[in-house]
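Notes follow the structure.
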Amino acid sequence: MIGNPVANNGKGSKVYSQVFDLLVEGGKVHGFDVIDLTGSSFDDSLAKAREAAPSYDYLVVVGGDGMMMLGANAVRSSGKPLGIVAVGSGNDFARGLKLPVNRVQTAVEGIIGAIVRGSHIDVDMGCVTWPDDGGRDRLYSGMLSCGLDASINDRANHSRLPGGSLRYFVAVLIELTHIKRYGYHVALTRADGTIEERDMMTPLLTVANSRHIGGGIEVSPYSCLDDGLLDVVWMAHMPSLREAVRALRHAYDGRLLAAELFGWERVRDIEITRAQDGDEPPVLMADGEYVGQLPVKVRACKQAVRVLVPPAVADWYRSERSESRLLATVERDGRDPLTGGLVATPRRWRSLFGM
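Just so we're aligned: the sequence shown equals residues 30 to 384 in the numbering used here.
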């Protein structure tokens, strides 16, 4: 297992000790040993996990979404199941899978039960590559944030407010007061294989693998964790005060993309470089961690990571992921599932005018 001593505003060390003791007790009952692979940094822990891979059958990470990213990169494509004890500030990946959040004993009991029963699910990851850095790449579980969303994440990371959701919400309010139009050039491959290149001047650009960011904000409500696709979400224009208020109102109810303010496309991969015009984009962030600068190439890695989940969660996941459910959600918001564009429907007009 690997912990993060600075998770949850410095409470991570105490929680890690609790998780370690609970797993050791579970191992005495069910016949497994526990190895501590926590390093001095993200990269050190990742290196230790990769080096020790022949010595373990399961990897458990303790912390937030950044620790999920660490674990995913350690076990990627190996078939070794990953257990998640979600005690960070956002916990968005765990939240999206209906895993316990900030409930340590329940989470550990679920992991031990999943080990004993062999219960798991295979999920997609996003993979970001830096062609100017020797092809360095990194998996991420949630979202690659390239604009306003990265600035919000950065501000939330430096906030002293209690609770991850509150820190993100306040960061959203502050960042919206000095919004910028960042300049991107994108080359994307859509779900149907067609390719398009264009410049985008937009405050927000997100490449999403899962639905949530910032402690439950549902930026990408159509994302599915086993479709082999990523969802690109951006602001189609600078928001008016009314549009910004409406976006905040729908940030947690899955209706964000019903608004004309946002664009959406499903893609197999996307290259993002700096456009000639527009403001300089901020440092990119993925799963709450600083990951680098443009240019990048991002692709979907289908079922790259196996996650330990209780049987009830596995059953829920299999029933929830149906294509018909996804299409119903897309059509509810008045979007064309093929082009991603908004279409005129009576339901959409009623939604726009609050009827």
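For glycine and all other residues, C-beta sits at the position ideal for the given N, C-alpha and C.
ask   = Hey, quick one: how far does the beta strand (DSSP E) through F291 stretch, first residue to last?
value = F291 to R303
inquiry  = Which residue marks the beginning of the alpha helix (DSSP H) containing G139, and which one marks its end?
reply    = That run of the alpha helix (DSSP H) goes V133 to R146.
Classification of V58 by the beta-carbon crowding that lies within 10 angstroms, buried from 16 upward = exposed
inquiry  = Taking the straight line between their C-alpha atoms, what separation do you get for W345 and D94?
reply    = 21 Å
ask   = What are the complete alpha helix (DSSP H) segments, minimum 4 residues, inside the segment 202-280?
value = 270-278
task = Would you give the residue range spanned by the alpha helix (DSSP H) that T368 belongs to?
result = Segment: none, T368 is in no alpha helix (DSSP H) and carries neither H nor E.
message = Let me check one thing: in DSSP terms, what residues is I113 bridge-paired to?
response = V90
key: Range covered by the beta strand (DSSP E) that runs through G321   = That run of the beta strand (DSSP E) goes E318 to G321.
task = Just tell me which of D86, G68 and H187 has its CA closest to the CA of M96.
result = The residue from D86, G68 and H187 with its alpha-carbon nearest to that of M96 is G68.
ask   = Run through DSSP, which three-state label would I181 get?
value = helix
request  = Note the first and the last residue of the continuous alpha helix (DSSP H) segment covering S348.
outcome  = P340 to E349
task = Let me know if G108 comes out buried or exposed under the rule of 16 or more other beta-carbons within 10 Å of its beta-carbon.
result = exposed
key: 7 Å CB neighbourhood of D86 in its chain, flanking five on each side removed   = K109
Range of the contiguous beta strand (DSSP E) that encloses T158 = H149 to W159
Where L337 sits in the DSSP three-state scheme = strand
ask   = Which residue or residues does DSSP assign as beta-bridge partners of S70?
value = Looking at the DSSP assignment, S70 forms no beta bridge with any residue, so it has no partner.
ask   = Can you tell me the Cα-Cα spacing of H207 and A280, whole angstroms?
value = 19 Å
request  = Would you check if the segment 227-238 and the segment 166-180 touch, i.e. whether three or more CB-CB distances between them fall below 8 Å?
outcome  = yes
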